[in-house]
Amino acid sequence: MKVAVLANLKEDAPVSPDDPPGRWDDLDERLTIDTILESMREIGYEAKYFPADLRSFEELKEFNPDIVFNSSEGHYGESREAQMPAVLDLLRIPYTCAGVLGMSLSHNKHIAKQMFRYAGLPTANFFVMSSMSELDGLGLKFPMFVKPASEGSSIGINEKAIVYDRGELEYQASMILNTIHSKVLVEEYIEGREFTIGILGNEVLPIVEIISPTGFYDREQKEDLHSEVYRICPADLPVEKTHELQQIALKAKKILNLEDVCRMDLRMDREGNPYILEVNPIPLMHPDPEQASLVYASRAAGFTYTDIVRKIIESALSRLDSVTC
Ligand SMILES: Nc1ncnc2c1ncn2[C@@H]1O[C@H](COP(=O)(O)OP(=O)(O)OP(=O)(O)O)[C@@H](O)[C@H]1O
Ligand SMILES: [Mg+2]
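375 is the number that our numbering gives to position 228 of the sequence shown; each next residue is one higher, with no gaps.
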């Protein structure tokens with residue numbers, strides 16, 4: 148079987164002096180793609196990497212893959228993760244992970260949160276703003292948490308993301324509008340423990356707890372391999388709570404139309420009430436489990452890196468089979 152791996156590598160990012168810190172943190176390192184290719188060869192697939200941009204498509208058609216392993220985040224646009232799925236749909240090449248709809252819903256956290264509300268899934272109270280004039284008339288309680296509505300890897304989330312009064316809120320919101328050029332998502336701050344839950348195929352993985360000395364997981368901590376943030380898996384939770392959180396993750400995956408693999412971030416307040424923060428439709432697959440929670444959780448479940456790759460592809464293939472039936 149032939150598999151094309153489509154990704155946007157960090158080393159190819161269109162870096163500009165105006166970029167905010169960490170602008171391209173959610174793109175893949177070459178090491179990740181090399182490890183995915185190596186795993187595919189171990190399984191017995193003929194595997195080849197293609198940069199996820201329009202220039203690759205003639206070569207991709209020539210390679211004629213049975214399936215694309217999609218890890219492309221895109222560079223521009225409000226639903227950049229949905230761009231390659233759209234092109235692959237046009238070319239009628241099947242691919243792993245969510246389609247256009249699932250990628251667009253989850254990339255825009257405020258839309259995903261509206262979907263969670265609609266489905267009765269818990270998420271923090273919030274509002275979204277695209278200009279400073281929309282700051283008036285807010286019904287949320289301080290402290291609040293301010294972040295870009297449509298980015299990943301904690302881009303735009305710094306040590307001032309928790310705001311305690313109107314002045315701090317204005318400062319942080321205008322920083323995001325002016326430097327990230329994204330809508331601003333303002334949420335009530337959920338004080339408590341933080342978890343992330345991976346789903347591989349239809350199987351929900353053991354829960355990872357993320358422990359950060361600052362109370363939240365900001366961009367600098369994600370970049371700093373020696374930061375004091377650490378993970379525990381399986382998280383120390385009662386069986387019923389584990390089950391409850393895992394069920395929330397499965398329902399969130401379904402309501403957002405995600406496929407094959409995803410990772411949900413959530414927090415639990417002091418009373419034990421869970422709140423979904425967001426769902427990642429293409430979770431980081433860095434081979435170092437300390438950097439990639441999905442890999443960390445998979446290891447706790449007894450899966451190797453190659454198992455992860457195999458399970459993602461098998462999940463996508465089984466969807467194709469059911470379409471043709
Ligand atoms: N409402 C909130 N209350 C408390 N902490 C929050 C809240 N929203 C976000 N955080 C903190 O900020 C971190 C990043 O937020 P979030 O997961 O929404 O962003 P991200 O940049 O998309 O992350 P990822 O790297 O997972 O793609 C969370 O892991 C959490 O520590
Ligand atoms: Mg997150």
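Where is the CB? At the ideal position from N, CA and C, for every residue including glycine. Just so you know, these numbers come straight off a predicted model, no measurement behind them.
Bridge-paired residues (DSSP) for residue i
i: Lys-195; result: Ala-151
i: Leu-347; result: Glu-350 and Val-408
i: Ile-358; result: Tyr-377
i: Ile-309; result: Phe-292
i: Asp-416; result: Gly-339
i: Glu-425; result: Asp-412
Within 8 Å, strictly: CB atoms of residue i and residue j
i: Ser-465; j: Tyr-364; result: no
i: Leu-174; j: Lys-157; result: yes
i: Met-415; j: Arg-313; result: no
i: Leu-372; j: Ala-448; result: no
i: Asn-155; j: Ser-251; result: no
i: Ala-399; j: Leu-287; result: no
i: Tyr-192; j: Met-148; result: yes
Buried versus exposed call for residue i [16 or more other C-beta atoms within 10 Å across all chains shown]
i: Lys-401; result: exposed
i: Glu-228; result: buried
i: Ala-396; result: buried
i: Tyr-223; result: exposed
i: Tyr-443; result: buried
i: Leu-316; result: buried
i: Thr-451; result: exposed
i: Cys-472; result: Note that Cys-472 scores 44 on pLDDT, short of 50, meaning its location in the model is unreliable; the coordinates nonetheless yield the value given after this. Result: exposed.
i: Ser-277; result: exposed
i: Val-386; result: exposed
i: Ile-327; result: buried
i: Ile-358; result: exposed
i: Asn-255; result: buried
Among the options, the one whose alpha carbon lies nearest that of residue i
i: Ile-379; options: Pro-269, Thr-326 and Phe-342; result: Phe-342
i: Val-426; options: Asp-435, Glu-418, Leu-413 and Arg-417; result: Leu-413
i: Asp-165; options: Phe-274, Val-456 and Asn-325; result: Asn-325
i: Gly-348; options: Val-386, Val-456 and Pro-360; result: Val-456
i: Pro-436; options: Pro-428, Lys-388, His-254 and Tyr-377; result: Tyr-377
i: Leu-403; options: Asp-181, Ile-258 and Pro-161; result: Ile-258
i: Pro-428; options: Gly-249, Asn-420, Gln-438 and Asn-272; result: Gly-249
Same chain only: Cβ atoms within 7 Å of residue i, ignoring 5 sequence neighbours per side
i: Asp-159; result: Pro-198
i: Ser-321; result: Met-279
i: Ala-382; result: Phe-342, Ile-354, Val-355 and Glu-356
Nonlocal neighbours in the same chain, by C-beta distance under 8 Å from residue i, ignoring five residues either side
i: Glu-189; result: Thr-453
i: Ile-323; result: Val-293, Lys-294, Pro-295, Gly-303, Ser-329 and Val-331
i: Phe-204; result: Val-234 and Leu-238
i: Thr-243; result: Ile-214, Val-215, Phe-216, Asn-217, Glu-406, Asp-407, Val-408, Ile-459, Ile-460, Ser-462 and Ala-463
Any C-beta of chain C under 8 Å from that of residue i
i: Tyr-265; result: Going by chain labels, chain C is absent from the structure shown, which holds only one protein chain.
Other residues of its chain near residue i: CB distance less than 6 Å, five sequence neighbours each side excluded
i: Arg-417; result: Gly-339
i: Phe-289; result: Tyr-311
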